[in-house]
Amino acid sequence: MRTRVLAIVALMGVVLTVSTGCGGSGVNGSDSSGANPSSPAATSLPDETVSLTAAEICAVLTPRDMAPLTDGAVTEPPVPVNSPDGLPGCKWPVQDGWGWLELSVFRPVSVEVLQSIAVWTYTVDGDAVGWSSDRNDGLHQCLSVVRSPRMPTGYTLRAMVNAPVSGAEANLCRKAIPQTRKVLRALGW
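If you count by mature numbering (1 follows the signal peptide of the UniProt record, and there is no 0), then the sequence shown holds residues -20 to -1, 1 to 169, one letter each, in order.
In structure tokens, the structure reads:
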């Protein structure tokens, strides 16, 4: 089983790498590979299909929203992130120094490939469904893509969690459903 999960995670990594490119040319030929908040990608939208910037996505979740995922007091702020092609997202710390929740707009080469390699699916909000390559091998990680009929064709919301959890709460994708739902709704998806 562990070999299958590692193979699935490796395949998702290849798909994610191929779909986001190797940096360099961003939207309209601009270089937006950096996550520097002062870069154009941090303050402007890549196209009309995404209604929020990375900073606006970070503002969606409050410390109270994040409390179920956090371990102890968290003093580090959320960090706006942009993919190499300028799509926005945010990383929220779940523990100072280690662990985070990242929710990012994502446009993979093939949504269907990501769905086909998922270990399980889960409902996020009504007809919004997550496909997860959930693994619990000591790294406490979860990677999933969320789709709803309201999303523009080819887009997903990528949910990644890397957090310290106890054995009873090991399913991080399910544990992060309320936060994923809130960002999905803020995007109008």
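Ideal placement from N, C-alpha and C gives every residue a C-beta, glycine not left out.
Select from V85, S31, L167, L152 the residue whose C-alpha is nearest the C-alpha of D65. V85
What residues in its chain sit with their C-beta under 6 Å from that of residue 208, if we drop five residues either side in the sequence? One cannot answer for residue 208 here, as it falls past the ends of the chain, which runs -20 to 169.
If distances are taken between C-alpha atoms only, which option among T133, K155, G134, V91 comes closest to C122? K155
Inter-residue CB distance, V74 and V54 (contact presumed, cutoff 8 Å): 7 Å
Rounded to the nearest angstrom, how far is the Cβ of T160 from that of P88, given a contact under 8 Å? Not really, about 17 Å apart at Cβ, beyond 8 Å.
Using the Cα positions of W78 and T103, report the straight-line distance between them to the nearest angstrom. 28 Å
Residue environment, P68, which counts as buried when at least 16 other CB atoms sit within 10 Å: buried
Excluding the five sequence neighbours on either side, which residues of its own chain have a C-beta within less than 8 Å of the C-beta of L164, listed in chain order? V104, D105, A108, V126, S128, L137
Nearest CA to the CA of G134: which residue from T42, M140, V93? Nearest C-alpha to G134: V93.
With 16 other CB atoms within 10 Å as the buried threshold, where does A47 fall? By the beta-carbon neighbour count (other beta carbons within 10 angstroms, threshold 16), A47 is exposed.
Could you work out which residue in S63, V99, L32, V141 is closest to T50 when comparing CA atoms only? Answer by Cα proximity: V141.
R130: which of G168, C153, R44 sits nearest, CA to CA? G168
Based on DSSP bridge pairs, tell me the residues matched to P60. Beta-bridge partners assigned by DSSP to P60: C70.
Hey, how far is the Cα of L41 from the Cα of L152? 17 Å
Between W111 and S124, how many whole angstroms is the CB-CB distance? I'm expecting something under 8 Å. 6 Å
Residues bridged to T103 (per DSSP): V109
So the alpha helix (DSSP H) Q121 belongs to, where does it begin and stop? From DSSP, Q121 is part of no alpha helix (DSSP H) but of the beta strand (DSSP E) over 121 to 127.
Going along the chain, which residues of its own chain have a beta-carbon closer than 8 Å to the beta-carbon of D45, five neighbours each way excluded? P158, Q159, K162
May I ask you to list the residues that DSSP assigns as paired with S90? Partner(s): none; S90 has no beta bridge.
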